[in-house]
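Residue numbers for the sequence shown follow this note's numbering, beginning at 297 and rising by one.
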Amino acid sequence: MGSKKNPVLAGLNRLSLEKNIPLTAVIELTRRCPLSCRHCYLPEARGRARPGRELSARQWLKIFRELAGLGSMNLVLTGGEPLLRPDLPEIAGGAASLGFGVTVFTTGLPAAPALLRALKKAGVSSFELSLYGRPAVHDGITGLKGAQKRTLAAARLMKRLGFRVKLKCPLMRSNAGEAGYVMRTAKKGGFRYSFDIALAPGNDGDRAALKMKLSAAELKKSLRLPALRPEPNPEGGAGDLICGAGRNTVAFAPDGTVYPCLQLPLPLGNAVKIPLSRIWKNSGWLRWWRSRGRRHIEKCRSCRLWDNCSRCPGLALLEDGDLMGPSSQACRAAGLVK
């Protein structure tokens with residue numbers, strides 16, 4: 297849903313980008329998941345790899361304290377399925393006690409009332425759940441019969457318990473006609489909602505998900521949705537900025553490996569073995585990356601479509617092989633925006 301920008305938040309965003317303050321940290325607590333979504337970028341969810349090591353609550357809380365020292369304000373706890381962690385209330389509570397705003401990305405399937413009440417007490421403020429459409433469509437994408445019913449039941453329970461709830465809908469060929477249903481369901485339930493047209497290759501290089509991208513006609517129709525209209529480049533009004541990855545956002549794998557962003561899974565070091573501040577401030581790759589700007593994207597800088605482009609450097613790297621080159625998905629979408 298579109299909304300007017302808050303000038304205070306916009307100013308904070310600009311400052312964080314200029315000073316390299318990781319305002320938002322995304323934490324993969326696990327790569328275990330009860331679903332096997334056809335488009336998932338995690339090879340573990342698709343059965344191509346086994347879930348690896350997961351840090352303990354104590355280890356995560358140490359990292360959270362380091363994040364607080366760097367100026368972080370928001371934590372996103374994700375997976376896989378973070379509700380599969382029995383220590384999730386302890387992890388969330390430790391984060392909230394440090395002053396973080398805590399959001400959980402979830403399928404909603406393991407959302408027992410007692411667990412949700414414990415997370416409310418721990419200080420979780422909001423949940424975001426993926427909804428792909430009507431039951432048959434949703435269940436077909438996730439690979440589990442009855443998943444849609446359980447996800448919506450969890451979202452409604454979360455709303456009743458006082459959480460902010462958002463429904464997110466990645467659009468692909470198998471659910472291209474479901475946007476209207478998702479919007480109606482969200483409005484009826486009092487949920488926020490958003491759509492996304494980007495599909496990422498697997499972290500292991502598997503490209504099967506890219507075959508599910510919207511056709512040109514489906515994409516053109518989807519881009520009429522206000523939630524998908526590209527905003528003028530650059531992000532946050534920050535001049536020459538490419539994106540906030542590694543500047544005001546940071547991400548972590550379940551074993552503590554640090555990434556600029558989950559969509560840009562380039563390992564910078566492990567926060568269990570190396571102090572996070574050292575990784576964040578001294579990484580050679582991050583220093584190089586922070587010196588890059590729009591002017592360095594040579595193949596794109598003179599493009600007439602640039603102002604309509606939602607280019608993601610992570611997708612440009614994963615799909616097209618060049619971090620500083622065009623993103624074929626963004627090029628395709630920008631060409632259809634009127």
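Glycine included, every Cβ here is placed at the ideal spot set by N, Cα and C.
Once DSSP output is grouped into helix, strand and coil, what is the label at residue i?
{"i": "residue 481", "result": "helix"}
{"i": "residue 587", "result": "coil"}
{"i": "residue 379", "result": "helix"}
{"i": "residue 425", "result": "strand"}
{"i": "residue 309", "result": "helix"}
{"i": "residue 385", "result": "helix"}
{"i": "residue 462", "result": "strand"}
{"i": "residue 496", "result": "coil"}
{"i": "residue 544", "result": "coil"}
{"i": "residue 430", "result": "coil"}
{"i": "residue 486", "result": "coil"}
{"i": "residue 568", "result": "coil"}
{"i": "residue 560", "result": "strand"}
{"i": "residue 619", "result": "coil"}
{"i": "residue 299", "result": "Confidence at residue 299 is low in this model, with a pLDDT of 44, below 50, so the placement of that residue should be treated as unreliable; the coordinate-derived value is given next. Of the three classes helix, strand and coil, the one that applies to residue 299 here is coil, per DSSP."}
If you follow the beta strand (DSSP E) that residue i is in, where does it begin and where does it stop?
{"i": "residue 517", "result": "It is not in any beta strand (DSSP E) - residue 517 instead sits in the alpha helix (DSSP H) that spans 512-518."}
{"i": "residue 323", "result": "320-324"}
{"i": "residue 370", "result": "370-374"}
{"i": "residue 632", "result": "Counting along the chain, residue 632 falls outside any beta strand (DSSP E), and DSSP gives it neither H nor E."}
{"i": "residue 470", "result": "Segment: none, residue 470 is in no beta strand (DSSP E) and carries neither H nor E."}
{"i": "residue 397", "result": "397-402"}
{"i": "residue 554", "result": "553-555"}
When you compare each of the options to residue i by their alpha carbons, which one comes out closest?
{"i": "residue 326", "options": "342, 381, 366, 309", "result": "381"}
{"i": "residue 508", "options": "469, 316, 520, 385", "result": "469"}
{"i": "residue 346", "options": "360, 355, 329, 361", "result": "329"}
{"i": "residue 444", "options": "475, 459, 466, 405", "result": "405"}
{"i": "residue 541", "options": "305, 321, 304, 306", "result": "321"}
{"i": "residue 606", "options": "498, 304, 523", "result": "523"}
{"i": "residue 336", "options": "449, 466, 385", "result": "466"}
{"i": "residue 618", "options": "626, 625, 609", "result": "609"}
{"i": "residue 495", "options": "407, 580, 626", "result": "626"}
{"i": "residue 582", "options": "473, 633, 539", "result": "539"}
{"i": "residue 403", "options": "447, 350, 339", "result": "447"}
{"i": "residue 558", "options": "344, 429, 497", "result": "497"}
{"i": "residue 631", "options": "604, 588, 476", "result": "604"}
{"i": "residue 544", "options": "342, 306, 317, 574", "result": "317"}
{"i": "residue 237", "options": "362, 569, 595, 500", "result": "For the chain, the structure presents residues 297 to 634; residue 237 sits outside this window and is missing."}
{"i": "residue 262", "options": "343, 361, 339, 383", "result": "Beyond the ends of the chain as shown, which are 297 and 634, falls residue 262; an answer cannot be given."}
{"i": "residue 323", "options": "339, 353, 591", "result": "353"}
{"i": "residue 616", "options": "506, 430, 536", "result": "506"}
{"i": "residue 601", "options": "386, 578, 521, 633", "result": "633"}
{"i": "residue 504", "options": "596, 614, 589", "result": "614"}
{"i": "residue 343", "options": "319, 363, 365, 376", "result": "376"}
{"i": "residue 536", "options": "302, 586, 459, 477", "result": "586"}
{"i": "residue 355", "options": "569, 578, 597, 592", "result": "569"}
{"i": "residue 473", "options": "429, 571, 584, 449", "result": "429"}
{"i": "residue 421", "options": "386, 589, 432, 459", "result": "459"}
{"i": "residue 386", "options": "360, 594, 578", "result": "360"}
What does a CB cutoff of less than 6 Å around residue i pick up in its chain, not counting 5 residues either side in sequence?
{"i": "residue 426", "result": "464"}
{"i": "residue 461", "result": "423, 451, 454, 455, 487"}
{"i": "residue 441", "result": "435"}
{"i": "residue 490", "result": "464, 523"}
Spatial neighbours of residue i within its chain, please: CB distance less than 8 Å, with the 5 preceding and 5 following residues excluded, ordered by chain position.
{"i": "residue 439", "result": "331, 332, 333, 334"}
{"i": "residue 534", "result": "Because the pLDDT at residue 534 is just 45, under 50, the model does not fix this residue reliably, and the value given afterwards should be weighed accordingly. So the qualifying residues of the chain are 309, 310, 313, 314."}
{"i": "residue 555", "result": "546, 547, 548, 549, 561, 562, 563, 564"}
{"i": "residue 339", "result": "345, 498, 499, 500, 502"}
{"i": "residue 366", "result": "317, 318, 572, 573, 576"}
With a CB to CB cut of under 7 Å and the five nearest residues on each side skipped, what residues in its chain are close to residue i?
{"i": "residue 553", "result": "563, 566"}
{"i": "residue 419", "result": "388, 389, 392, 398"}
{"i": "residue 493", "result": "467, 510, 515, 518, 524, 629"}
{"i": "residue 575", "result": "554, 564, 565, 567"}
{"i": "residue 612", "result": "618, 619, 621, 622, 623"}
{"i": "residue 379", "result": "402, 406, 407, 411"}
{"i": "residue 532", "result": "Residue placement at residue 532 is flagged as unreliable, the pLDDT there being 38, under the threshold of 50; a coordinate-derived value is accordingly withheld."}
What span of residues does the alpha helix (DSSP H) with residue i cover, start to end?
{"i": "residue 504", "result": "Looking at the DSSP string, residue 504 is not in any alpha helix (DSSP H), and its letter there is neither H nor E."}
{"i": "residue 454", "result": "443-456"}
{"i": "residue 357", "result": "353-366"}
{"i": "residue 615", "result": "609-616"}
{"i": "residue 600", "result": "Careful: residue 600 lies outside any alpha helix (DSSP H) and carries neither H nor E."}
{"i": "residue 418", "result": "409-418"}
>> Whether or not the stretch 548-556 and the stretch 475-487 are in contact is what I'm after, with contact meaning three or more pairs of Cβ atoms, one per stretch, closer than 8 Å; do they touch?
In response: no
>> Within 8 Å, do at least three Cβ pairs link the stretch 409-417 to the stretch 305-320?
In response: no
>> So, does the stretch 362-375 touch the stretch 390-400, judging by three or more C-beta pairs under 8 Å?
In response: yes
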